[in-house]
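Per UniProt numbering, the very first residue in the sequence shown carries number 1; after that it's consecutive.
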Amino acid sequence: MSAGTFAPAPGRASMRTIIGKQIRMELLLTARRGEAVVLAMGVPLLVLLGAGLTHATNLPTDDRLGFVVPGVLALTVMSTAFTGQAITTGYERSYGVLKRLGASPLTRPGLLLAKTAAVLVQIVLQVLFLGLVGFLVGWRPQFGELLPAAGVTVLAAAGYSGLALLLASVLKPETTTGAATLIYVLMLSAGGIMFAAPDLGTAGWFLLPLAAHAQAMRDTLMNGASVPLPIWLALATWAVVWLTAAARKFRWE
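Here it is in structure tokens:
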């Protein structure tokens, strides 16, 4: 039989194709998990409407929506990239889903990349939705600094994703759920979303990435200013440290 009779030719697909398929699968599975959508969107939306439209909390400015909406956008990044992903990945490992993926052509770095990329896609959609809600109820952002706002958001999402994958890899799923929820609550309480964050100086940006991200979003979208260098450094450090740790410690089972 002459060459070229069989089409397509047998062989493994390219890694680009494999990762693309995995990203699509991650997004499809997320869309089917109603609790993940509620966590990622419900809490930030309630905070936006409750703190932005009422005087339930004291804010350091009269522009309530200008203060709250950028913080809520930062909160939804953490909800999706950290809390939701940590819990989901922990149970995927417990149920043997990751073990089966480990037997496929998908490599460990490929899985981490696919999960992080899928998270970024979700975040774009959620930020656009919450931003639209904020605009409809009266928020008027400064659009001149959108690129820096997007940059710090990518760094924050990468750092949260790395930490989520690390926790899901080294802890039992029940422990991962508890740890992720506790960190989420602590960050929400001290992150300056519904009220001013405590002034911890430059060190605070490294300890509280949610506060750093929220402040960066306010600097750009509320004040039209540039992002302070310490915030860039803090979020970049989180991204590098936790993604590196996740790549080294991640286990299929």
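All C-beta atoms, glycine included, are put in the ideal place defined by N, C-alpha and C.
Here the structure is a predicted model, which means the values were calculated and not measured.
The same chain holds no residue with a CB closer than 7 Å to that of leucine 146 once the five nearest residues on each side in sequence are set aside.
Listed in chain order, the beta strand (DSSP E) runs fully inside the stretch 181-206 amount to none, counting runs of at least 3 residues. Between threonine 54 and the set Leu45, Pro60, Arg64, the nearest pair of CA atoms involves Arg64. Taking all protein chains shown into account, phenylalanine 135 has fewer than 16 neighbouring C-beta atoms within 10 Å of its C-beta and is therefore exposed.
By the 16-neighbour rule on beta-carbons within 10 angstroms, lysine 172 is exposed. In the same chain as phenylalanine 82, and ignoring 5 residues on each side of it, the C-beta atoms closer than 8 Å to its own belong to Tyr160, Ser161, Leu163, Ala164, Ala180, Ile183, Tyr184, in chain order.
Restricted to the stretch 18-89, the alpha helix (DSSP H) segments that are unbroken, complete and at least 4 residues in length are 34-37, 43-53, 64-78, listed in chain order. Taking the Cα positions, alanine 118 is about 17 Å away from tryptophan 242. Residues Ser161 of the same chain have their beta carbon placed closer than 6 Å to that of threonine 116, with the five preceding and five following residues left out of the count. The Cβ atoms of leucine 130 and valine 72 lie closer than 8 Å to each other. The beta carbons of alanine 245 and alanine 211 sit no closer together than 8 Å. Membership of alanine 216 in the alpha helix (DSSP H) is indicated by the continuous run 209-221. Shown here, leucine 243 sits in a helix according to DSSP, grouped into three states.
Taking 8 Å as the cut-off, the beta carbon of proline 44 is found no closer than this to the beta carbon of leucine 221.
Counting the other CB atoms within 10 Å of its CB gives leucine 75 a total of 16 or more, which places it among the buried residues. Here glycine 42 is exposed. Its C-beta has fewer than 16 other C-beta atoms within 10 Å. For leucine 112, the uninterrupted alpha helix (DSSP H) run begins and ends at 108-136, by DSSP.
Look at serine 161 here: in three-state DSSP terms it is helix. Ranked by how close their Cα comes to the Cα of serine 226, the residues Ile123, Arg248, Gln85, Ala150 have Ala150 in first place. Contact between alanine 40 and methionine 194 fails: their C-beta atoms lie close to 18 Å from each other, not under 8 Å.
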